[in-house]
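In what follows, a structure is listed as structure tokens, so that the remarks can point back to it.
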Amino acid sequence: MAEAIIHDQLPIIRAAYLKHSQRVAAARALNGRALTYAEKILHAHAEGLSEKPQRGVSYVKFRPDRVAMQDATAQMALLQFMQAGRQRVATPSTVHCDHLIRARVGVHEDLNNAMTANREVYDFLESTSAKYGIGFWKPGSGIIHQVILENYAFPGAMMIGTDSHTPNAGGLGMIAIGVGGADAAEVMAGLPWSVRWPKLVAVVLKGTLSGWTSPKDVILRVAEILTVKGGTGKIIEYIGPGARSISATGKATITNMGAEIGATTSLFPYDEKSAMYLRSTGRGEIAALAAEIAAQLQPDPEAEADPKSYYDEVIEINLDTLEPHVVGPHTPDLGRAVSALAAEAAQQGWPSNISAALIGSCTNSSYEDIGRAAHVARQALAAGLKAKIPFLVTPGSDQVFATVERDGFLEPLRAIGATVLANACGPCIGQWQRDDVASGTPNAIITSFNRNFPKRNDGNPNTHAFIGSPEVVTAYALTGTLSTDPIHQPIVANGKSVMLAAPVADELPSRGFEERRSGFIAPPADGSTISIAVSPTSDRLQLLEPFMAWDGRDFAGLAVLLKATGKCTTDHISPAGPWLKYRGHLDKISDNMFLGAINAFTKEPGTGINVLTGETANLAANARAYKAAALGWVSIGDENYGEGSSREHAAMSPRFLGCKAVIARSFARIHETNLKKQGVLPLTFANAADWEQIGSHDRLAIVGLKDLAPGTSVTVVVTHADGRSTTLRCNQSFTPEELEWFRSGSAMNTMRDR
Ligand code: MIC
Ligand code: SF4
Numbered sequence: 016m017a018e019a020i021i022h023d024q025l026p027i028i029r030a031a032y033l034k035h036s037q038r039v040a041a042a043r044a045l046n047g048r049a050l051t052y053a054e055k056i057l058h059a060h061a062e063g064l065s066e067k068p069q070r071g072v073s074y075v076k077f078r079p080d081r082v083a084m085q086d087a088t089a090q091m092a093l094l095q096f097m098q099a100g101r102q103r104v105a106t107p108s109t110v111h112c113d114h115l116i117r118a119r120v121g122v123h124e125d126l127n128n129a130m131t132a133n134r135e136v137y138d139f140l141e142s143t144s145a146k147y148g149i150g151f152w153k154p155g156s157g158i159i160h161q162v163i164l165e166n167y168a169f170p171g172a173m174m175i176g177t178d179s180h181t182p183n184a185g186g187l188g189m190i191a192i193g194v195g196g197a198d199a200a201e202v203m204a205g206l207p208w209s210v211r212w213p214k215l216v217a218v219v220l221k222g223t224l225s226g227w228t229s230p231k232d233v234i235l236r237v238a239e240i241l242t243v244k245g246g247t248g249k250i251i252e253y254i255g256p257g258a259r260s261i262s263a264t265g266k267a268t269i270t271n272m273g274a275e276i277g278a279t280t281s282l283f284p285y286d287e288k289s290a291m292y293l294r295s296t297g298r299g300e301i302a303a304l305a306a307e308i309a310a311q312l313q314p315d316p317e318a319e320a321d322p323k324s325y326y327d328e329v330i331e332i333n334l335d336t337l338e339p340h341v342v343g344p345h346t347p348d349l350g351r352a353v354s355a356l357a358a359e360a361a362q363q364g365w366p367s368n369i370s371a372a373l374i375g376s377c378t379n380s381s382y383e384d385i386g387r388a389a390h391v392a393r394q395a396l397a398a399g400l401k402a403k404i405p406f407l408v409t410p411g412s413d414q415v416f417a418t419v420e421r422d423g424f425l426e427p428l429r430a431i432g433a434t435v436l437a438n439a440c441g442p443c444i445g446q447w448q449r450d451d452v453a454s455g456t457p458n459a460i461i462t463s464f465n466r467n468f469p470k471r472n473d474g475n476p477n478t479h480a481f482i483g484s485p486e487v488v489t490a491y492a493l494t495g496t497l498s499t500d501p502i503h504q505p506i507v508a509n510g511k512s513v514m515l516a517a518p519v520a521d522e523l524p525s526r527g528f529e530e531r532r533s534g535f536i537a538p539p540a541d542g543s544t545i546s547i548a549v550s551p552t553s554d555r556l557q558l559l560e561p562f563m564a565w566d567g568r569d570f571a572g573l574a575v576l577l578k579a580t581g582k583c584t585t586d587h588i589s590p591a592g593p594w595l596k597y598r599g600h601l602d603k604i605s606d607n608m609f610l611g612a613i614n615a616f617t618k619e620p621g622t623g624i625n626v627l628t629g630e631t632a633n634l635a636a637n638a639r640a641y642k643a644a645a646l647g648w649v650s651i652g653d654e655n656y657g658e659g660s661s662r663e664h665a666a667m668s669p670r671f672l673g674c675k676a677v678i679a680r681s682f683a684r685i686h687e688t689n690l691k692k693q694g695v696l697p698l699t700f701a702n703a704a705d706w707e708q709i710g711s712h713d714r715l716a717i718v719g720l721k722d723l724a725p726g727t728s729v730t731v732v733v734t735h736a737d738g739r740s741t742t743l744r745c746n747q748s749f750t751p752e753e754l755e756w757f758r759s760g761s762a763m764n765t766m767r768d769r
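Take any residue in the sequence shown, count from 1 to its spot, add 15: that is its number in the working numbering.
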């Protein structure tokens with residue numbers, strides 16, 4: 016099976032490399048200069064480019080090589096794809112079952128429980144995959160991004176994935192972009208994928224990592240510099256000698272978590288580390304093919320020598336002096352060195368007791384990561400120390416799990432008290448049945464995951480989540496407190512004082528990885544006879560009804576359902592955790608709409624004033640009441656509205672419950688596109704201060720919609736409760752093609768109409 020997965024890809028990769036070399040040569044001529052690495056991949060996949068693309072301006076169509084979907088988003092992606100009426104996918108695609116597994120006691124029981132609890136959804140995903148020619152990875156085989164890195168990622172490729180951390184594959188030199196399910200459905204249906212030609216940021220790495228500093232600290236530092244919206248519309252390219260010194264899996268940690276700065280994607284050039292990883296995962300033949308065109312899988316030397324002339328922004332990080340970092344709570348860009356955390360926690364009054372430490376996840380469960388954590392654990396054991404708090408380990412894939420088990424890394428971790436969970440997202444996505452801390456209790460946790468929004472991991476708004484590298488998190492597990500620095504100060508326990516030495520571990524297993532690909536089910540050559548059954552009484556799955564086309568009239572009398580203040584991520588708009596199980600049922604999941612969004616009108620999450628009754632109620636309930644009364648509504652957003660994930664439910668639920676427009680100070684890229692795809696107007700205030708003008712009982716008219724064209728501004732007339740009215744100017748970023756989606760009601764309607 017393993018052989019087949021790789022072998023099937025070889026002809027595709029050969030053809031891709033031939034095209035890559037030809038296209039790169041042509042692109043140099045078109046641009047009249049040397050190219051960065053991202054530019055090479057973009058040009059190799061662009062369709063019909065006759066002019067030099069303008070960064071941040073030109074809208075370009077691309078032909079990705081692959082589509083990847085995880086179970087929580089694949090349901091909507093496939094339900095939408097089914098509307099296209101195709102027999103088979105036009106682009107190689109895979110589905111990975113990882114998000115729906117709940118972490119409670121440990122790998123075996125949790126996996127068994129998931130198989131029972133999610134049977135209907137797994138059956139749907141498996142049979143749909145078989146029918147349409149999609150590769151299917153069973154629950155337990157691993158988290159999408161690890162499985163992709165181990166089996167499908169190759170330098171120079173382009174992939175889209177229905178998960179925001181798809182850029183993980185950028186660690187292996189690939190442009191891998193997180194998108195909503197509608198984008199995936201279109202590419203699977205044979206349509207191109209469009210995006211504005213990104214701006215380019217170079218992160219020039221000098222020096223080498225040493226001591227406690229790890230790849231995680233590079234991205235934590237970048238997040239601190241660029242903030243959660245600093246990467247919007249940009250590709251982050253890591254270059255310089257330091258880049259070549261980082262392992263391929265370490266690079267993947269960095270590009271994976273680039274989602275947290277809103278970047279379109281992040282990537283590293285192909286180098287010897289990439290080749291080593293490919294060989295170690297049984298893909299020596301791919302490494303050999305890449306080596307033949309190595310120069311084309313890197314930035315041209317001119318670009319690396321003079322980044323300021325080739326990139327829009329240049330950031331320099333010296334790995335020799337980079338300190339281990341911890342970020343949080345509540346946002347990934349609130350960073351500082353580990354050495355500064357205790358003082359800051361005391362000053363801020365954050366709960367000092369850490370209640371749980373968690374390592375692993377899609378971004379930090381490589382052989383090297385677990386090896387370094389295990390080294391810390393071995394030192395603890397030698398000194399008679401154990402984890403003071405619950406300590407959970409989530410391996411990224413079956414292959415990594417089997418290899419670290421074989422090489423004895425899990426033993427010391429278990430011996431200090433770790434529980435090894437299933438190879439799945441688990442606590443990272445709120446699939447953590449936590450019984451030890453009552454909801455509402457202030458506490459801190461520390462993880463090596465990506466995200467730390469309030470309620471993200473355990474549903475408790477008072478859990479202060481911090482993020483660090485697996486080795487740093489392991490050290491904190493031994494002390495259970497934020498008040499001391501466990502890596503620069505001795506750990507005092509059992510009357511002894513122990514100074515931990517900096518962890519060391521191999522990047523890759525000297526004996527190679529244990530091959531574990533038995534979780535893969537290849538699709539049959541002909542799936543046309545397979546029928547897909549969705550029960551009309553199911554509460555897990557629901558066939559989609561097309562959204563209504565726009566009636567050609569301006570919007571008038573719209574109510575303001577919500578005025579979000581502060582951070583409003585997709586986790587605030589469409590929380591996960593207990594709601595994950597309804598990801599295939601639009602009506603059901605819409606009850607979670609805006610549960611986490613802080614409403615400026617009520618000063619609390621999830622509620623708003625129903626303008627029809629004057630009563631304060633749950634926002635989804637208000638929206639349902641407006642829908643029943645045929646009253647359209649808008650949602651008002653703050654900065655970087657829709658930050659975070661790719662989940663299109665955050666756009667579909669509002670659309671389903673009658674939202675006409677979202678007007679925000681600014682948007683995160685994937686969410687803005689998701690809104691457009693579902694036929695909702697995303698508008699931004701031309702004057703950010705106009706956010707203040709909107710009151711709870713105002714009614715909005717959005718006028719001149721017939722003349723909507725790329726670049727035009729939009730007039731919004733606000734009629735206030737006292738009868739006064741204010742006219743606001745808003746901006747929009749629609750392309751001609753995206754306007755079609757708005758007019759026909761959704762991108763899926765446009766696709767079907769064609
Ligand atoms: C996440 O990390 O937030 C998720 C859960 O993986 C999401 C996808 C989803 O909500 O299903 C993402 O990153 O896109
Ligand atoms: Fe899964 Fe967490 Fe990674 Fe998202 S960030 S794919 S939830 S492990």
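Heads up, the beta-carbon is just placed ideally off N, CA and C, and yes, glycines get one too.
Check the DSSP bridge columns for residue i and list the partner residues they point to.
i	result
asparagine 333	Lys221
asparagine 614	Ala579, Glu619
lysine 403	In DSSP, lysine 403 forms no bridge with anything.
valine 507	Ser512
arginine 294	Bridge partners of arginine 294: none, in fact.
glutamate 62	Lys76
Note down, in chain order, each residue of its chain lying with its Cβ closer than 6 Å to the Cβ of residue i, except the 5 sequence neighbours on either side.
i	result
serine 73	Trp212
alanine 430	Leu396
aspartate 335	Gly222
lysine 109	A small correction: the amino acid at residue 109 is threonine; lysine does not occupy that position in the sequence shown. Closer than 6 Å at Cβ, skipping near neighbours: Ala83, Gly150.
alanine 49	Asp315, Glu317, Ala318
isoleucine 269	Pro230, Val233, Ile234
glycine 185	Ala191, Thr270, Thr280, Ser281, Leu282
arginine 421	Glu529
leucine 241	Ile276
leucine 696	Ala676
serine 262	Lys288, Glu383, Glu522
glutamine 693	Ala666, Met667, Arg670, Ser761
arginine 387	Glu486, Pro518, Ala520
Under a three-way DSSP split, which group does residue i fall into?
i	result
tryptophan 447	strand
valine 104	coil
alanine 88	The amino acid occupying residue 88 in the given sequence is threonine; alanine does not appear at that position. Three-state result, threonine 88: helix.
tryptophan 706	helix
leucine 743	strand
glutamate 560	coil
glycine 652	strand
alanine 645	coil
lysine 231	helix
threonine 462	strand
threonine 633	Per the sequence shown, the amino acid found at residue 633 is asparagine instead of threonine. Strand, per DSSP.
arginine 121	Sequence inspection shows glycine at residue 121; the arginine mentioned does not correspond to that position. Correct three-state label for glycine 121: coil.
Note the first and the last residue of the continuous beta strand (DSSP E) segment covering residue i.
i	result
tyrosine 137	That residue, tyrosine 137, is in no beta strand (DSSP E); its alpha helix (DSSP H) goes 134–147.
methionine 173	173–176
tyrosine 74	74–77
serine 281	280–282
arginine 211	208–211
Which residues in the same chain as residue i place their Cβ atom closer than 8 Å to its Cβ, once the five residues preceding and following it in sequence are excluded?
i	result
threonine 622	Asn614, Thr631, Ala632, Asn633, Leu634
asparagine 46	Glu54, Lys67
alanine 361	Ser367, Ser498
The alpha helix (DSSP H) with residue i in it runs from where to where?
i	result
tryptophan 594	From DSSP, tryptophan 594 is part of no alpha helix (DSSP H); its letter is neither H nor E.
valine 695	Run containing valine 695: none; DSSP gives neither H nor E here.
isoleucine 152	A small correction: the amino acid at residue 152 is tryptophan; isoleucine does not occupy that position in the sequence shown. Careful: tryptophan 152 lies outside any alpha helix (DSSP H), inside the beta strand (DSSP E) at 150–152.
Three or more C-beta pairs closer than 8 Å, one from the region 405–420 and one from the region 79–89: is that the case here? no
Count the CB pairs spanning the region 127–141 and the region 226–238 that are closer than 8 Å, and state whether there are at least three. no
Does the pairing of the region 733–747 with the region 694–710 give three or more beta-carbon distances under 8 Å? yes
Under 8 Å, with one C-beta from each stretch per pair, do the region 486–503 and the region 347–354 reach the 3-pair mark? yes
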